[in-house]
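Asker: Sequential numbering of the sequence shown, starting at 355, is according to this note's numbering. All C-beta atoms in this analysis are idealised placements derived from N, C-alpha and C, irrespective of residue type, glycine included. Remember, it's a predicted structure, so these values are computed and weren't measured experimentally.
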Amino acid sequence: MKIGFIGLGNMGGPMAANLAAAGHDVTGFDMAEVKVEGVTMAPSGAEAAKDADVVITMLPNGQILRSVADEIIPAMKAGAAFVDCSTVDVDSARAVAEQAAVAGLLPVDAPVSGGIGGAAGGTLTFMAGGSAEAFEKAKPLFDIMGQKAVHCGDAGAGQAAKICNNMILGVTMIATCEAFALADKLGLDRQKMFDVVSTSSGYSWTMNAYCPAPGVGPQSPADNDYKPGFAAELMLKDLRLSQQAADSADADTPMGQLAQALYAQFVENEDGMGMDFSAMLPRFEKRSRD
Ligand code: NAD
355 MKIGFIGLGN MGGPMAANLA AAGHDVTGFD MAEVKVEGVT MAPSGAEAAK
405 DADVVITMLP NGQILRSVAD EIIPAMKAGA AFVDCSTVDV DSARAVAEQA
455 AVAGLLPVDA PVSGGIGGAA GGTLTFMAGG SAEAFEKAKP LFDIMGQKAV
505 HCGDAGAGQA AKICNNMILG VTMIATCEAF ALADKLGLDR QKMFDVVSTS
555 SGYSWTMNAY CPAPGVGPQS PADNDYKPGF AAELMLKDLR LSQQAADSAD
605 ADTPMGQLAQ ALYAQFVENE DGMGMDFSAM LPRFEKRSRD
């Protein structure tokens with residue numbers, strides 16, 4: 355397949371490299387000067403998109419996605435799929451899908467879970483919104499870049515699934531970190547805390563697979579001075595998207611709201627910027643000593 359790939363950053367770069375390694379003809383574009391193994395670089399987004407059967411975007415936010423869509427949609431050939439893998443607000447995802455469908459394209463919003471490790475290893479989970487025809491066209495590429503692709507529903511359904519998942523993730527990480535900080539205060543050994551919770555009803559992905567306590571559980575950013583991993587500011591971005599969606603859908607999400615406020619405090623007023631999102635644990639530790 356001929357693929358255009360726009361946004362070759364931490365995630366997009368390895369995803370595009372995996373498609374090229376699988377034998378696809380990949381032409382890429384990024385605003386920054388980047389090189390990706392096996393990918394031919396084009397001078398603009400429109401050039402990368404023009405002859406492609408599938409165009410994939412992996413961009414920072416909805417505003418940038420909308421401006422890239424304005425540029426590439428008129429350049430794309432009829433019947434091509436436009437697959438956006440960025441995490442963006444549901445409204446931008448739906449607006450871009452509408453614009454692409456009117457132009458005779460097959461739009462899919464397909465954000466991912468699995469982080470940069472999943473992007474490099476080809477083990478991402480894709481959550482997709484769009485028509486069955488569009489999903490089927492993109493599916494062979496999801497199977498190369500990931501290990502699971504769920505067709506969640508119509509346009510925007512992929513982004514809806516992503517922000518609900520990440521709202522759970524943000525809330526659970528905070529709960530796990532504050533529980534460790536409380537356990538410290540109660541004199542409980544962290545390894546014992548892990549041994550109990552990871553096999554009891556408090557278990558979660560944040561405890562079992564991404565433990566925020568250094569030296570405890572599997573290797574995680576906590577074992578690397580809380581270097582990301584998944585940066586706290588990206589967690590904040592996703593929590594803001596979930597609260598924005600909750601506002602526009604009139605849904606009551608008090609835990610998500612509190613998680614957003616705590617990550618905003620951590621990133622904007624404390625020392626969370628550039629730290630992994632699990633660095634909430636040293637934050638709670640420090641506060642408990644204040
Ligand atoms: P990144 O900042 O590393 O990459 C984004 C890339 O887009 C950059 O290389 C940037 O130069 C490029 N770009 C920006 N504007 C552009 C434009 N107008 N035209 C062409 N290129 C442009 O970010 P990332 O970590 O790769 O994340 C990309 C998306 O994936 C985000 O929406 C993020 O929320 C989501 N995501 C990230 C992770 C993660 O762990 N990093 C996990 C899941 C989802």
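Closest by CA to Lys-491, which one among Gly-471, Leu-413 and Leu-460?
Answerer: The residue given as residue 491 occupies position 137 in the sequence shown. The residue with the shortest Cα to Cα distance from Lys-491 is Leu-460.
Asker: Does the structure place the stretch 564 to 574 close enough to the stretch 502 to 515 that three or more beta carbon pairs sit under 8 Å?
Answerer: Two segments are said to touch when three or more pairs of C-beta atoms, one from each, lie closer than 8 Å; by this definition the stretch 502 to 515 does not touch the stretch 564 to 574.
Asker: Check whether the stretch 456 to 475 touches the stretch 363 to 379, counting contact only when three or more Cβ pairs, one atom from each stretch, lie closer than 8 Å.
Answerer: In this structure the stretch 456 to 475 touches the stretch 363 to 379; the number of beta carbon pairs closer than 8 Å is three or more.
Asker: Check whether the Cβ of Thr-441 sits closer than 7 Å to any heavy atom of ligand 1, and report yes or no.
Answerer: Taking the sequence shown and counting its residues from 1, the one referred to as residue 441 is at position 87. Because some heavy atom of ligand 1 lies under 7 Å away, the Cβ of Thr-441 counts as near it: yes.
Asker: By a C-beta neighbour count over all protein chains shown, 10 Å radius and 16 as the cutoff for buried, is Ser-596 buried or exposed?
Answerer: For the purposes of this step, residue 596 is taken as residue 242 along the sequence shown, with counting starting at 1. The residue in question, Ser-596, is buried, as its Cβ has 16 or more Cβ neighbours within 10 Å.
Asker: Using a threshold of 8 Å, state whether the C-beta atoms of Val-462 and Ala-432 are closer than that.
Answerer: If you number the sequence shown from 1, residue 462 lands on position 108. If you number the sequence shown from 1, residue 432 lands on position 78. No, the pair does not count as a contact, with Cβ atoms beyond the cut-off.
Asker: Looking at C-beta atoms only, is the number of pairs between the stretch 630 to 637 and the stretch 580 to 598 that lie closer than 8 Å three or more?
Answerer: yes
Asker: Provide the residue span of the beta strand (DSSP E) that contains Val-360, from first to last.
Answerer: The residue labelled residue 360 in the question sits at position 6 within the sequence shown. For the record, residue 360 in the displayed sequence is Ile; it is not Val. Boundaries of the beta strand (DSSP E) harbouring Ile-360: 356 to 360, taken from the DSSP string.
Asker: Based on DSSP bridge pairs, tell me the residues matched to Gly-308.
Answerer: Lying before the first or after the last residue shown, residue 308 is absent from the chain, which here runs from 355 to 644.
Asker: Please tell me whether, using a cut-off of 7 Å, the distance from the CB of Met-412 to the nearest non-hydrogen atom of ligand 1 is below it.
Answerer: Position 58 of the sequence shown holds residue 412. Within the cutoff, so yes.
Asker: Mind listing, in chain order, the continuous alpha helix (DSSP H) runs of no fewer than 4 residues lying wholly within the stretch 454 to 540?
Answerer: 469 to 475, 486 to 499 and 511 to 539
Asker: For Met-355 and Val-551, I'd like the C-alpha separation in whole angstroms.
Answerer: Counting from one through the sequence shown, the residue named residue 355 turns up at place 1. Counting from one through the sequence shown, the residue named residue 551 turns up at place 197. Going by the C-alpha atoms only, they are around 47 Å apart.
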